[in-house]
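Worksheet: the structure to be examined is printed underneath.
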Amino acid sequence: MPEGNGDPLDAAVRSLARLIGSTPGPVRRARLQHGDLVVEVEWPDGAPWVAAVPAVPAVEADAGLHYVCAPMVATLYLAPSPGADPFVSEGDQVVPGQQVAILEAMKMMIPVEADRAGEVVKVLVPNATPVEYGERLIALAVLEG
């Protein structure tokens with residue numbers, strides 16, 4: 000499948016690759032399971048690690064809307080730096096792969112990307128707010144194409 004098509008497996012593989020690529024040391028083991036979407040990363044003894052996480056859909060449909068959701072527990076930032084314009088605002092149109100926010104976890108900055116084309120209907124979480132895995136961040140009206 001082409002990259003950026005909204006496929007949950009494609010999104011999970013890209014997220015796992017970004018996570019592994021951003022670590023300061025070697026990863027001992029990485030596991031990705033597509034059915035019920037489980038991601039597991041293990042670092043050598045003494046290093047941080049992420050255990051298997053129960054599957055929560057990355058995006059859920061509700062009343063014709065599509066939601067960009069948090070891929071991990073972190074702090075959400077809606078702009079690239081303090082005082083800068085936000086990545087997106089209500090009424091903006093986004094394309095798959097476009098950065099819409101950024102998450103900070105353990106001093107690592109992880110981009111949050113739109114996985115579908117759409118119009119931003121509502122930004123659901125205020126700037127600099129802690130978010131949970133799977134939490135809805137931005138509501139999109141999906142653009143037919």
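FYI, in numbering that gives the first Met the number 0 the residues of the sequence shown are 0 to 144.
The beta carbon of each residue, even a glycine, is placed where N, CA and C say it ideally should be.
Practice problem: Out of Ala78, Arg115, Pro81, Cys68, state which residue places its alpha-carbon closest to the alpha-carbon of Ala140. | Solution: Your numbering for residue 140 matches position 141 in the sequence shown. The residue with the shortest Cα to Cα distance from Ala140 is Arg115.
Quiz prompt | Per-residue burial, Gly133 [other beta carbons within 10 Å of its own, 16 or more giving buried] | solution = Along the sequence shown, one-based indexing puts residue 133 at 134. Flag for Gly133 reads buried.
Exercise. Report the rounded CA-to-CA distance for Leu142 versus Val120, giving the unit in angstroms.
Key: The count along the sequence shown starts at 1 and reaches residue 142 at position 143. The count along the sequence shown starts at 1 and reaches residue 120 at position 121. Whole-angstrom Cα-Cα distance: 12 Å.
Quiz item: Quick one: Cα of Pro125 to Cα of Pro85, how far?
Solution: Within the sequence shown, the letter at position 126 stands for residue 125. Within the sequence shown, the letter at position 86 stands for residue 85. One alpha carbon belongs to Pro125, the other to Pro85, and they sit about 11 Å apart.
Quiz item: What residue does the beta strand (DSSP E) around Glu118 start on, and which one ends it?
Solution: Taking the sequence shown and counting its residues from 1, the one referred to as residue 118 is at position 119. Counting along the chain, the beta strand (DSSP E) containing Glu118 begins and ends at 117 to 122.
Quiz item: Under a Cβ-count criterion, where at least 16 other Cβ atoms within 10 Å of its own Cβ denotes burial, should Glu112 be classed as buried or exposed?
Solution: Residue 112 sits at position 113 when you count from the first residue of the sequence shown. Classification for Glu112: buried.
Quiz item: Where does Ala104 fall in DSSP's three states?
Solution: Mapped onto the sequence shown, residue 104 falls at position 105. Strand, per DSSP.
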